[in-house]
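Just so it is clear: in the sequence shown, position 22 is 21 by numbering that gives the first Met the number 0, and no numbers are missing.
Beta carbons are placed, not taken as given, at the ideal position from N, Cα and C, and that holds for glycine.
Bear in mind the structure is a predicted one, so any value in this text is a computation, not a measurement.
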Amino acid sequence: MSAPTEKPRLELQLVTVVARHGLRTPSKLLSSDKSSIWSCDLNKMSPPAQELVHFFDHFNIHRIDEDGDKTDETSKPHNHSQSLKNDVKVDQKMLLLPRGNCKGGQLTVNARPGHLQMIRLGEKYAQRYATYDNQFRLLDPEYDPSEVYLRSTPSKRTMESVQSVMFGMYGKANHPNFTVHVKDKKDENMYPDKSCTSLFALRDEIKKSTEFTEGEATFQKKLLEEVKDEDVRNRINRGAWIGMENTLHSLERHRWPHPIVSQTARDTITSASGWYAKMLHGGPTTIRLGIGRFMSDVLKVMQGKVDGLRGKETEASRIRFAYFSGHDNTLIPLMNGLGIYMGHPPMGSHLEFEMYKKIHTKSVSSSDEDKPPVMNNSFLDDQLKGSNKEDLWIRVLFNDEERTLPKCKTKQETFNKSQFLPRPEGDEEDQMTLCPWNTFHDILTKHVPANYKEECQMKADKMEEPFEE
């Protein structure tokens, strides 16, 4: 019989999700659009409409302050007919679309709707994290409020997105009221704050740069040769790249026609929107002032779990699933900061940080393979003693595909899929690459502003070069 050898296992401890809201109506229809009809009324949604409406009634809004700490302000459960209007910004500036019952920028229920899209995402999370795998399960199938942390921007579409995700995860189980944490609009940091004058002054300077003007002119020239629709041509001339991409993507996913008949032109608009977002959200200063405070909030949740594993039990240490419901300009600077930006993120995009604890088991010879593994408690012992041993690891996924952080390549480690609890499903590769927690923490911490308010008052010419080398 061969001698026992150490074979580490990776046990999932925390999943942190940062997601864009689901499919929505265009903020403004194209002038040539004479056919699209939009539905946002849950009561007209095919099953499970009534169950979903009833489920939405079980949500509370808990206000959090600028630092992300809870306040004493908690709204009572609302009913869906109120549309959260007393608790969450309902995008009052958005106009009612001419056909249907939606405002611009509202989560949809028709065709391939935003609500169903996010319900399916929640069902995927339930299957992945709330079912047994080798006697391991991260989440209880019955909703436990101490395990789940929810946060949304003060926007109706992000709030309804997180509600739909929770319905996919827990809609068929008995549950108490859900709590969604929301900051006041003036304190919101999940997207760039327009009151940060130096950030937007810097963006204006970027738009004047040779790199930007020449790049935009190249896209405009290529598109104006192919596109005949006057409304789209006007948007091209204005450089409304992200707005165009969002409108066209929404029309396509809801199966409505649009005037871009050339696939080459359509691909160019997608490329232009990704380029534009990279230019304005991809430099160290624009990342730090645009999303750095939110990175600190994400790290705060993750650090709570780390502290718990090291013996410091707190409310945060009990969290096992954290979901942040945001926008495209939440994900764009965040992914640029991580070095994994690959273009404008479509509606419903989701970024996961899975935190694993490495535990050591003794593998045995084939004659003893039916015996249970011998668990080694050295992990907790080492952590409590302040060991620097890398026992916490982060796996990063974007839209169900594993991503490797460039700044983690020299520190990352590869593990066999059989070492994971729960075992990853749907992955083509037999091996997974993870980043040490300390390295991941350092990557995000680099983008957290030391003095946000002071930096927001600096003049653009005093700030550093906005582009990464």
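Residue span of the beta strand (DSSP E) that contains ARG402, given as start and end: Note, ARG402: beta strand (DSSP E), 400-402.
Nearest neighbour of MET44, chosen from GLY113, SER35 and THR24 [CA to CA]: Comparing Cα positions, the closest option is GLY113.
For HIS61 and GLU314, the rounded distance between their alpha carbons: Between the alpha carbons of GLU314 and HIS61 lies a distance of about 16 Å.
C-alpha distance - GLU225 paired with ILE259, whole-angstrom precision: Taking the straight line joining both Cα atoms gives about 9 Å.
Close beta carbons around THR423, own chain, < 7 Å, minus the five adjacent residues each side: Checking the sequence shown, residue 423 turns out to be Pro, not Thr. Counting only residues of its own chain and dropping the five nearest sequence neighbours on each side, PRO423 has a CB closer than 7 Å to the CB of LYS416 and MET431.
Backbone secondary structure at GLN105 - three-state DSSP: Reduced to three states, the DSSP call for GLN105 is coil.
Residues near GLU187 by beta carbon distance below 8 Å, same chain, minus five either side: Short of 8 Å from the beta carbon of GLU187, and not among the five residues preceding or following it, lie these beta carbons of its own chain, in chain order: THR152 and PRO153.
Cβ-based neighbour list, LEU420, same chain, cut-off 8 Å, excluding 5 preceding and 5 following: Shown here for LEU420: same chain residues with a beta carbon closer than 8 Å to its own, the five before and five after excluded, namely ARG8, LEU9, GLU10, LEU11, ASP132, ASN133 and PHE135 in chain order.
Reduced DSSP category for ALA271 - H, G, I as helix; E, B as strand; rest coil: In the structure shown, ALA271 sits in a helix (DSSP, three-state: H, G or I).
Under 8 Å between C-beta atoms of GLY21 and GLN116: Note that the C-beta distance between GLY21 and GLN116 is below 8 Å.
Counted within 10 angstroms of its Cβ, other Cβ atoms place LEU333 as buried (16 or more) or exposed: Taking all protein chains in view, the Cβ of LEU333 is crowded by 16 or more other Cβ atoms within 10 Å, so the residue is classified as buried.
Beta-carbon gap between SER31 and SER160 smaller than 8 Å: No.
Separation of LEU138 from TRP392, as counted between CA atoms: The alpha-carbon atoms of TRP392 and LEU138 are separated by roughly 19 Å.
Nearest-angstrom beta carbon gap, SER35 and ARG98 [assumed within contact, 8 Å]: Going by Cβ atoms, the distance from ARG98 to SER35 rounds to 7 Å, so yes, they are a contact pair.
Nearest-angstrom Cα separation, counted from PHE177 out to HIS77: Only weak support is given to the placement of HIS77: the predicted model assigns it a pLDDT of 43, under 50, and the question is left unresolved by the model.
Separation of GLY170 from ALA129, as counted between CA atoms: Within the model, the alpha-carbon separation for ALA129 versus GLY170 is close to 13 Å.
Contacts around GLY336, its chain only, beta-carbon distance under 6 Å, and the 5 residues preceding and following it disregarded: Excluding its 5 nearest sequence neighbours in each direction, GLY336 has C-beta neighbours in its own chain below 6 Å: ILE286 and HIS446, listed in chain order.
Rounded separation between LYS206 and THR212 - CA only: Approximately 7 Å between the Cα atoms of the pair.
Three-pair Cβ contact test at 8 Å for the segment 300-311 versus the segment 264-284: Two segments are said to touch when three or more pairs of C-beta atoms, one from each, lie closer than 8 Å; by this definition the segment 300-311 does not touch the segment 264-284.
GLU65 burial status per 10 Å Cβ neighbour count (16 or more: buried): Answer is exposed; the Cβ neighbour count stays below 16.
Best match in ASP390, LYS452 and CYS195 for proximity to ASN437 [C-alpha to C-alpha]: With distances taken between Cα atoms, ASN437 lies closest to ASP390.
Inter-stretch contact at 8 Å, needing at least 3 Cβ pairs: the segment 401-414 / the segment 249-259: Taking one beta carbon from each stretch, the segment 401-414 and the segment 249-259 have fewer than 3 pairs nearer than 8 Å; the two do not touch.
Assumed close pair LEU443, MET294 - CB separation to whole angstroms, cut-off 8 Å: By a beta-carbon distance limit of 8 Å, LEU443 contacts MET294. Their separation comes to about 5 Å.
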